[in-house]
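Asker: Residue numbers (full-length UniProt numbering): 1 to 1011.
Mind looking over this structure? Questions follow.
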Amino acid sequence: MTSRLSGYPVSERRLRPIYDWLDNGNNKKALQEADKVLKKQPNLQCAKVLRCLALLRLGKESDCIQQLEAIKEECPVEEASLQAMTVCYREIHKPHLICDLYEKANVKDPGNEEILTNLFLSYVRIGDYKKQQQTAMTLYKVKKKNQYYFWCVISILLQAVDKLSDLIHACLIPSYNYNNISCILFNDVNLVLCSLAEKMLEKFINEDKIESEQEILIYLTSLELQGKTERGLEVLNGPLADKLEPYIVLNKRVNFLIKLGKWQEVNEIIRSTLETDLDSWNYYLFYLDSLFELAKDKVIDHENTDDCQFYRAKSFIQRLIEQNKALIPKKRGPYLAQLEYFSRLISNSMEAERLLGSIVDLLVEYYEEFGTKECCVHDLRPYLRLMSDKDYIEFLARGYKLVSLAENKLPKTKQQMNFLICNMECSRVIGLREMFDIKSKTEFTSNAVNYFIYSQQFNMDLQPTEVRSSDRFALLALHSFFDLWVDTQDSNYLFEAIVICQYALSLSPSNSQFKTLLLKFYHLLGGCKGAHNAYLMLDVKHMQLDTLGYIHVFPLLANADYATATDVISSTMKFFTNNFKESADHITFAYKYDALTKIPEFIWVREKLNNSTHYMKVRFERMLLDIFFASSHSNTLQLIKDFEISPLEKIQWSSLQDNRDFTVLWDMEPDGRMFERDAIKQTYNYEIIYLRLRCILVHVIAGCMYAGLGETNNTEGELDNFDIRESLYNYNVSKSILKKLLIDLEENLEALKTNPPSYATKKFIAAPPESRLLLTIQYNYFELILFELKFIIELIPGSDCDKDKCASLLNDIILFCEEYVKNLCNIAGSKNPSKRNCFIQMAALYAELIAFSTIIVGVCENITKKLKQNFAKKNKKKREPAAQRILNSDGFDWRMDIINRFIVFITENVKQVETLLKTEEKLYGDRTIFMGDINISKIDDKKEENTINILKSTVNDNLLSTLPGLRIGPGDAPRSRHPPDKTYTGHRRPDAYLTYAYSADSGQSADPSPS
């Protein structure tokens, strides 16, 4: 070791072991090694910082921060020390402190390129564009590099746009998808800043300093934001265009020409391009745009076809089709362009059939060429609606002839199989199956299953990782099972769908559609175990935790599988927590490697994740889970402090974004069963309302916990005029905060009464799981929260306390709980899967209410304990017996009577529910109960039928193993920082708070930590 490092300075050789221990994860050894180095060199800053990093990774964050502040005051400029401090600040998620660090270093060592570069990148991490601009210009003055100059320019453009999406669109190489009508108009743009960026770039161009493609694109972006399209065209026609890729020049030129309304030039450029590139779909759309713009207010001249633009367009497309026929493989573009042309003619009320012929002929022409491809129905779907009901039958009949099935109606070749699948998919998309009765739909589903089993012979040569074309038969069957369940509400159809889904996965284990459907179907029947197995098979990672997390997390919570839900939420929270740091790295890399046009996209992705509604939902659900699982009242209070929950915390609801992805499932649904945009918006509105209510619940818990620590004080004042944290222990302040939260909760609930949520989205297979908002409204979940919040407000000492009102509220609480348990008993003991699922969800909500009630009990105990202490202090010099002093205390006796009554009732109520749950658990443990009672699918292959019947037992066991999730024991408790007690629901037992109660005779209280 010594010989290897003999050429290095002494300090570096001494620091090397510390770095090695940190890299190996042995932070304790790193700390010891740092102490050894500091004994020899007490002023070695890098060793001090590495010691702080070791402390941080050992969980001693406060010590680390304190020592870092001391080091920062020394203004370190050594790169190793600065980098190590940067790592520390990043790991404690305080990137703004990195800026302070490098600002001080820059003052101490001005003109240092390395320090200035890191200062710029530190501003990039926090998104301070103004300081980025200033630092980049300082850098350029120190070192004349194009890179630094363009850092300044892009920082100016980021300041110039109000909406980041405008800059992204301006930076993009345009395509029809983003620029589909006549181009985006940039409205909220600071033209002064854009003009400044343009002048800076023109100076560079005039001095012939432009070097890269990215630099030219940034110049074009500055022009486009200002609407200077003529100047943009000049650039594309000049020498600068030689530095750009030909496709970029073409797309940008078309973009600018469209903005200028020069449709004739667009038409000519696109025609010449399509003759050499037959399959560029975007160019076909641009071509048709230009055609209809040039022929605006004109009609089709059927007599003089040579001079008619519409006939010339027809000839051009047909010429491309003829040219395409000689190619192997053939391109889809020309055929689809013909169909798109027909559709545009119809939408403009023109004689499409007279010009292009029958729509059925056009569709069949495409079908004959590409009917064996999986993309066929997806391509044809927008144009199928152009047919009449009579045309539908003709199209399907002509398509069925291509299948050429034998007498036994089974395909003999893979081509026949693919034609048959395509025909069945078309009939589904058209909605033909919707006209059939239940019996016919069931027969169709059975046939699809049999076709799937039979067609496995055509996929024998495929690897397990490859998706089979015959899988679409199984998908048709599974979607049809769901339709039957929606139409009949018979759970047997869902059970059968799960079995077929499991069977299909055994034959095609890489098909994500089967896994997603299996996850959805299990949740619809309340089978959390099977759903989680499907979720693990999906291997959801990274961005998918945000876009697909909604399909799994919240059904787990609704069905009381808290252990699994905690694991999923933890992995999701870890992704979001790391996002800000990792996305900042991506942005800094884009600056370092001159990917300038990608910088706005990276920033947009970061902001999209930071403002994710799913992130806010899992954040509050994680808080509530940890709070409800806390083992004692003191642990609950510690959690509230650790979460840094302020009862008056404000959330920017308008900034939240819906990142859910509803395109993951196969989209072969007829129009009546498509999950449209209005339905998506409705479900999102429900989730926002529910998130608001859960947020208020967390703040109510925080407010109540702080109220329990209050002191009697006559101070009054507005809530905005003091530091909340310093004043939370004041009873008057706590009472004001709780009243404000009460009003907020009542207003949100009142809005729900005037516009109650509906269950309309349940019939869509692509819809998200049913919102828990619907369950909470159905079972009056927040009614008990309101009663208990009002109860604690009345119980808090003050001039406006009302003993009778407090007693009345307790009666309301008791009545609500008794009624809830009565309803719970009424639906218990059923063998029907839907009723079982309903029981579990209802019991899960009640478990949360009991957990909230125990928190209120703990708060009540703290309030009465404070009252006793304060009264004892006032009567310190008096020699009255303790019991007599308590009886004479203001309001202590009636408060204690009410609290004791509350505790006794909650304890008895919990025992009653626990008995009910044990009975229900025994029923679920009876494996002789079979959730699927009938065989819906008639399987022709007896061997495969036996395999499917075996799978039915597995599915049945997965469904029956749901209820034990309500009885979380020590072995399967959620992995929380505060492990729960051995409780019947995973929540703390209310009778643990019996130890808190004061004895009316002695006035003594037990140790508030439950045993």
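Where a beta carbon is used, it is the ideal one built from N, C-alpha and C, also for glycine.
In whole angstroms, what separates the C-alpha of threonine 954 from that of leucine 637?
Answerer: Going from the Cα of threonine 954 to the Cα of leucine 637 covers about 44 Å.
Asker: For a quick check, are the C-beta atoms of arginine 332 and aspartate 379 less than 9 Å apart?
Answerer: For arginine 332 and aspartate 379, yes; Cβs fall inside 9 Å.
Asker: By DSSP, does isoleucine 899 sit in helix, in strand, or in coil?
Answerer: Here isoleucine 899 sits in helix by DSSP.
Asker: Which of helix, strand or coil does DSSP assign to glutamine 463?
Answerer: Three-state DSSP puts glutamine 463 in coil, outside helix and strand.
Asker: What's the gap between the Cα of proline 670 and the Cα of phenylalanine 452?
Answerer: Spanning the two alpha carbons is a distance of roughly 22 Å.
Asker: Ignoring anything shorter than 4 residues, give me the alpha helix (DSSP H) runs that lie fully in the segment 174-240, in order along the chain.
Answerer: Counting only runs of 4 or more, we get 191-206, 213-226 and 229-236.
Asker: Could you check if arginine 660 is buried or exposed, using at least 16 other CB atoms within 10 Å of its CB as the buried criterion?
Answerer: The residue is buried, with at least 16 neighbouring Cβ atoms inside 10 Å.
Asker: Measure the Cβ-Cβ separation of alanine 504 and phenylalanine 514 and say whether it is below 9 Å.
Answerer: Going by C-beta atoms, alanine 504 is nearer than 9 Å to phenylalanine 514.
Asker: Got a sec? Which residues, its chain only, sit under 8 Å from leucine 336 by beta carbon, not counting five neighbours each side?
Answerer: For leucine 336, where only same-chain residues beyond five positions count, the Cβ hits under 8 Å are Trp281, Tyr284, Tyr366 and Asp379.
Asker: Is the beta carbon of isoleucine 827 closer than 9 Å to that of cysteine 838?
Answerer: Yes. Within cutoff.
Asker: Please work out which residues of its chain come closer than 6 Å, Cβ to Cβ, to phenylalanine 791, disregarding the five sequence neighbours upstream and downstream, and give them in chain order.
Answerer: Cβ within range, chain order: Leu809.
Asker: Using a Cβ-Cβ distance cut-off of 9 Å, determine whether leucine 478 contacts chain D.
Answerer: Any reference to chain D falls outside this structure, which holds one protein chain only.
Asker: Ignore the nearest five residues each way along the sequence and tell me which others in phenylalanine 436's own chain have a CB closer than 8 Å to its CB.
Answerer: Phe444, listed in sequence order.
Asker: Out of curiosity, what's the CA-to-CA distance linking isoleucine 253 and leucine 236?
Answerer: As written in the sequence, residue 253 is arginine, which differs from the isoleucine given in the question. Their Cα atoms are separated by approximately 7 Å.
Asker: Counting pairs of beta carbons, one from the segment 743-752 and one from the segment 531-541, are three or more of them closer than 8 Å?
Answerer: As far as the Cβ criterion goes, the segment 743-752 does not touch the segment 531-541, which means the pair count is below three.
Asker: Just reading off the alpha helix (DSSP H) that cysteine 308 is part of, what are its end residues?
Answerer: It is not in any alpha helix (DSSP H) - cysteine 308 carries neither H nor E in the DSSP assignment.
Asker: Give me the Cβ distance between aspartate 471 and serine 508, rounded to the nearest whole Å; I'm assuming they're in contact under 8 Å.
Answerer: Right, the Cβ-Cβ distance comes to about 5 Å (below 8 Å), so this counts as a contact.
Asker: Taking all protein chains shown into account, decide if serine 480 is buried (16 or more other Cβ within 10 angstroms of its Cβ) or exposed.
Answerer: Serine 480 should be labelled buried.
Asker: With 16 other CB atoms within 10 Å as the buried threshold, where does proline 768 fall?
Answerer: Its Cβ being crowded by 16 or more others within 10 Å, proline 768 is buried.
Asker: Would you mind reading off the limits of the alpha helix (DSSP H) that contains valine 37?
Answerer: Taken as a continuous stretch (DSSP letters only), the alpha helix (DSSP H) holding valine 37 covers 27-40.
Asker: The alpha helix (DSSP H) that contains glycine 530, what's its start and end?
Answerer: 528-538 is the extent of the alpha helix (DSSP H) around glycine 530.
Asker: What separation, rounded to the nearest whole angstrom, lies between the Cα atoms of arginine 16 and aspartate 128?
Answerer: Answer to the nearest angstrom: the Cα atoms are 35 Å apart.
Asker: Are the CB atoms of residue 1021 and glutamate 202 nearer to each other than 9 Å?
Answerer: A question about residue 1021 goes unanswered here, because the residues of the chain that appear run from 1 up to 1011.
Asker: Would you call aspartate 561 buried or exposed, if buried means 16 or more other Cβ atoms sit within 10 Å of its Cβ?
Answerer: Buried, by the Cβ-count rule.
Asker: Apart from the five residues on each side of it in sequence, which residues of its chain come closer than 7 Å, Cβ to Cβ, to leucine 916?
Answerer: The answer, listed in chain order, is Leu824, Cys825 and Ala828.
Asker: Using 9 Å as the threshold, is the C-beta distance between glutamate 425 and valine 377 below it?
Answerer: Closer than 9 Å, so yes.
Asker: Answer yes or no: do arginine 545 and alanine 531 have a C-beta to C-beta separation smaller than 9 Å?
Answerer: Reading off the sequence shown, one finds leucine at residue 545, where the question assumed arginine. No.
Asker: Measure the Cβ-Cβ separation of valine 859 and alanine 707 and say whether it is below 9 Å.
Answerer: It is a contact, given that the beta carbons lie within the stated cut-off.
Asker: Leaving out five residues before and five after leucine 786 in sequence, what residues of the same chain have Cβ atoms less than 8 Å from its Cβ?
Answerer: Within the same chain, leucine 786 has close Cβ partners Leu742, Leu745, Glu746 and Leu749.
Asker: Go ahead and pull the three-state DSSP assignment for valine 161.
Answerer: Looking at valine 161 - three-state DSSP - the assignment turns out to be strand.
Asker: Write down the C-beta distance between isoleucine 92 and asparagine 106 rounded to the nearest angstrom, noting that I regard them as a contact closer than 8 Å.
Answerer: Not really, about 22 Å apart at Cβ, beyond 8 Å.
Asker: From the DSSP output, which residues share a beta bridge with asparagine 748?
Answerer: Its beta-bridge partners do not exist; DSSP assigns none.
Asker: Determine the direct distance from the alpha carbon of phenylalanine 316 to that of residue 1020, and round the result to whole angstroms.
Answerer: Because the chain here runs from 1 to 1011, residue 1020 falls outside it and cannot be looked at.
Asker: Quickly, what does DSSP pair glutamine 657 with across the bridge? List them, please.
Answerer: Answer is Ser612, bridged to glutamine 657.
Asker: Nearest-angstrom Cα distance between leucine 250 and glutamate 275?
Answerer: Cα-Cα distance, rounded: 15 Å.
Asker: Can you tell me the Cα-Cα spacing of aspartate 539 and asparagine 579, whole angstroms?
Answerer: Aspartate 539 and asparagine 579: Cα-Cα distance of roughly 19 Å.
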